[in-house]
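Structure first, then comments.
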Amino acid sequence: MAEHNPFPGENNTGHIWDDNLRELNNPAPRWWMIGFWASVLWWVGYAVLYPMWPIGQEPTPGILGWSQILEYERSLAQVTEVRAPFEERIAGMTADQILADPGLTQYTLSSAKVLFGDYCSACHGSGGAGNPGFPVLADDDWLFGGTTAKLAESIANGRKGAMTAHKGILTDAEIDTLAHWVVELSEGQPGSEQGWALYRGKGCNACHGEKANGILAQLPDGSVVTVGAANLADGIWRFEPGGFESARHTIAYGVNQPGVEQTRDAVMPGFAGRLSEQDIKKLVVYVHELGGGK
Ligand code: HEC
Ligand code: HEC
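Position one of the sequence shown corresponds to residue 10 (the numbering used here), numbered consecutively onward.
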């Protein structure tokens, strides 16, 4: 920095480097000053109108009395008001009656979509598309039945299908034969004679039904009797990844067998205590519309 100012009368600050690099003392541009004072004014106005200073437990309220909580409560009240007539009508109806009314069905579906996202999609995938180990709800392949009554039972009380572990009851060769037979059925083939003989002889049909489609009986109203045993005669696998090894594993270790370490887990929690009847009803309508069917 220079000792004395070699550029007198120039309005510089006297800070000079490298002989001639110097700092001038010019006022800030007008546009900048206007912006600066405008933002100070804006800040003062904001502090007076809105919550601002964190004094004590609560910030100073501001003379408008605005707060995010109040705004949230106001819009919630608006939403509740719009929903109230729908909610009241639904409360007095069965799921089947709601399904018969396109307008109410539409309302119920959009309301239940949120519930499904909160309570169900972690296991069943978004939109009921399924996850490994958890059944798809968006098709018409049901373990326990797809009528509104069966769906309501599934959702309110939960489900826990059970299949005996056959390791020790059947020989390894018999398990292999059955697993091959299940794969054949899943590919649309008729399945070996030997497989069918074992299937009936070893009592698989008691749960999976005469046709191995998981159905024990068909009622006059079209609904079905099942114990939740999977349909073995379609291409849909209940347990991933499907195929020979998967089938062999399920046959050997069963489903939900206490004390069998490698057994398949298949527990659907009941929601009767956790969700209101109204919410369960909405979910019944929602799941019914995903998959439909009996
Ligand atoms: C913790 C995981 C989990 C959650 C959460 C869950 N489910 Fe399930 N759900 C299952 C399993 C596992 C099964 C199959 C049970 C079985 O195989 O015995 C199942 C079965 C079902 C079935 C019967 C399917 C059929 O084919 O018959 C319905 C309907 C169903 N769930 C609906 C729901 C709805 C609606 C919700 C949300 C309120 C929900 N589930 C939440 C795991 C879950
Ligand atoms: C006590 C009833 C019961 C008996 C007996 C039974 N199963 Fe099952 N089985 C089930 C149930 C229930 C499921 C589906 C579990 C679930 O999803 O909750 C199942 C699932 C299966 C699966 C898995 C299908 C898939 O898509 O992943 C196969 C394979 C199978 N059973 C084959 C057999 C064979 C072969 C026998 C006879 C050796 C047999 N089961 C006997 C109840 C039974």
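Yeah, the Cβ is synthetic: ideal placement off N, Cα and C, and Gly gets one too.
Asked	Found
Helix, strand or coil for residue 8, going by three-state DSSP, please let me know.	The structure shown has nothing for residue 8, since the chain only spans 10 to 303.
Within 10 angstroms of its Cβ, does residue 226 collect 16 or more other Cβ (buried), or is it exposed?	exposed
Compare the C-alpha of residue 276 against each of 44, 166, 14, 161 and name the closest.	166
May I ask which residues mark the beginning and end of the beta strand (DSSP E) holding residue 257?	No beta strand (DSSP E) contains residue 257, which is instead part of the alpha helix (DSSP H) from 253–262.
What does the alpha-carbon distance come out to for the pair residue 87 and residue 281?	29 Å
Under three-state DSSP, which class holds residue 179?	strand
Going by alpha carbons, who is nearest to residue 174 out of 149, 34, 265, 235?	265
For residue 297 versus residue 104, is the C-beta spacing smaller than 8 Å?	yes
For residue 89, count neighbouring Cβ atoms within 10 angstroms of its own Cβ and tell me buried if that reaches 16, exposed if not.	exposed
Quick check on this structure: which residue in 216, 91, 246, 248 has the alpha carbon closest to the alpha carbon of residue 235?	216
Whole angstroms is fine: what's the gap from residue 182's alpha carbon to residue 158's?	41 Å
Which value, in whole angstroms, describes the spacing of the CA atoms of residue 72 and residue 66?	18 Å
How many angstroms separate the CA atom of residue 106 from the CA atom of residue 151?	22 Å
With H, G and I counted as helix, E and B as strand and the rest as coil, what does DSSP make of residue 97?	helix
What does the alpha-carbon distance come out to for the pair residue 332 and residue 60?	In this structure the chain extends from 10 to 303, so residue 332 is not present and cannot be described.
If you run the structure through DSSP and keep just helix, strand and coil, what is residue 121?	helix
Verify the contact flag: residue 141, CB atom, against every heavy atom of ligand 1, threshold strictly below 7 Å.	no
If you reduce the DSSP assignment to three classes, tell me which class residue 227 lands in.	strand
Tell me whether residue 45 sits in a helix, a strand or coil according to DSSP, three-state version.	helix
My parser needs the beta strand (DSSP E) runs of 3 or more residues fully inside the segment 128–187; what are they?	none
Please list the terminal residues of the continuous alpha helix (DSSP H) segment that includes residue 298.	286–300
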